[in-house]
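In what follows, a single structure is set out as structure tokens and then discussed.
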Amino acid sequence: MPKMKTKSSCKKRFKVTASGRVLAGQAGKRHGMIKRTNKFLRNARGTTTLCAADEKIVKSMMPYAR
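The sequence shown begins at 36 in my numbering and counts up one residue at a time.
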């Protein structure tokens, strides 16, 4: 049986924590920050955990992520 492949885009964008949750970067900080509120920009720092539905999709593309 050949090895299963991990989706390259998922390798770059997501990280699985020790408890099994999926971490992803916050959306909405690539461009157009002038029109965004300071509160939005502050809250969009760092990373966030995905919801259960999105987590399931990402994990299906990362077979070896524990």
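Glycine included, each C-beta is placed from N, C-alpha and C at the ideal position.
The structure presented is a predicted model; accordingly, all values stated were derived computationally and were not measured.
Proximity of residue i and residue j at Cβ, strictly below 9 Å
i	j	result
N73	Q61	no
S54	M96	no
Reduced DSSP category for residue i - H, G, I as helix; E, B as strand; rest coil
i	result
L58	strand
K50	strand
Endpoints, alpha helix (DSSP H) assigned at residue i
i	result
I92	A87 to M96
K74	N73 to N78
Start-to-end residues for the beta strand (DSSP E) that takes in residue i
i	result
T83	T82 to T84
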